[in-house]
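Data first, discussion second: the structure below is written as structure tokens.
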Amino acid sequence: MKRMGIYYWFGYPIQNFERFKLIKEAGFDHVMLWWGDEFIEIDGEKAVLPDMARRLGLAVENVHLPYEKVNDIWIDGINGLDMVKFYKSCITDCAAHHIPTAVLHVMDGETPPAPSQIGIDRFKDIIEFAERKNVNIALENLKRPKHLDFIFSNIQSKCLGFCYDSGHENCYSQDKDFLSNYGDRLMALHLHDNDGSADQHRIPGEGTVNWEMVSEKLFALEYSGAISLEITNEFSKQFTGLSPEEFLKVAYERTYEIFK
């Protein structure tokens, strides 16, 4: 049986302990966490979350690092150096909390800076630091794939891998085949659905993602990580009125049927 995971925020403002408890009771055995302080009023202190999840029987599959200022990495200047330091501190946290993988965006927005040598040098610095800490860095497919392509073409490391986001591919890059291109580097999954017009983070089956194809490709790759959802009820058309328990039940059952 495949291991099943979900991002811990799925659209319901409930206390973390109760949230993890509901996730476990729905059948999931892995969670993904946010590793920033932007949502501290809702999430509380991030450092307590890994052990809280584990006490309830949930393994931490990975954490997602903040990306608001990631474009600075591609531009010469002190701000880019500050981002390198910030990501190194996050990697240090991952090692301290026994979190195997950090998911990272390599650009942000509609008009990011062009890929650059200084950006590659900085990402090399980050990856080499991650190697020393024994933490994997999984780069996610986004709106502009050229930055991802540029990094994978210029950096080779056992700690550098790919996070496949099915929703991003469906609404931003339908002409791309990321699992075929980077499946041999696959370290993390962000599985969710949309209608092709926007990044809606819906439950699989509530959009136009070709789940049969995704399932076949993951099976062919012999992917051993958790089948992990990154969904929310906020943009759902079918499931907005459900309780948290009902929403998780539908999400688990639909995903299990696809990947069983």
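Reminder that position 18 of the sequence shown reads as 18 in full-length UniProt numbering, one-by-one numbering, no gaps. We put the CB at the ideal spot given by N, CA and C, even for glycine.
Annotation: the continuous beta strand (DSSP E) that includes A59 extends over 59 to 64.
In the DSSP assignment, H147 falls outside any beta strand (DSSP E) and within the unbroken alpha helix (DSSP H) covering 146 to 154. Distances from the CA of E253 to each of S236, K85, I40, I227 were compared; the closest alpha carbon is that of I227. By the 16-neighbour rule on beta-carbons within 10 angstroms, I40 is exposed. Counting along the chain, the unbroken beta strand (DSSP E) around L104 starts and ends at 101 to 104. Using a Cβ distance threshold of 8 Å, M187 and R144 do not count as a contacting pair. Between the segment 119 to 136 and the segment 147 to 158 there are three or more C-beta pairs closer than 8 Å, enough to call the two in contact.
Closest by C-alpha distance to A102, out of N62, D76, F123, is N62.
Going by C-alpha positions, E131 is about 20 Å away from I118.
Under the three-state reduction of DSSP, F162 is assigned to strand. Note that the C-beta distance between G207 and D195 is below 8 Å. For A138 against L104, the beta-carbon gap comes to about 7 Å, under 8 Å, which counts as contact.
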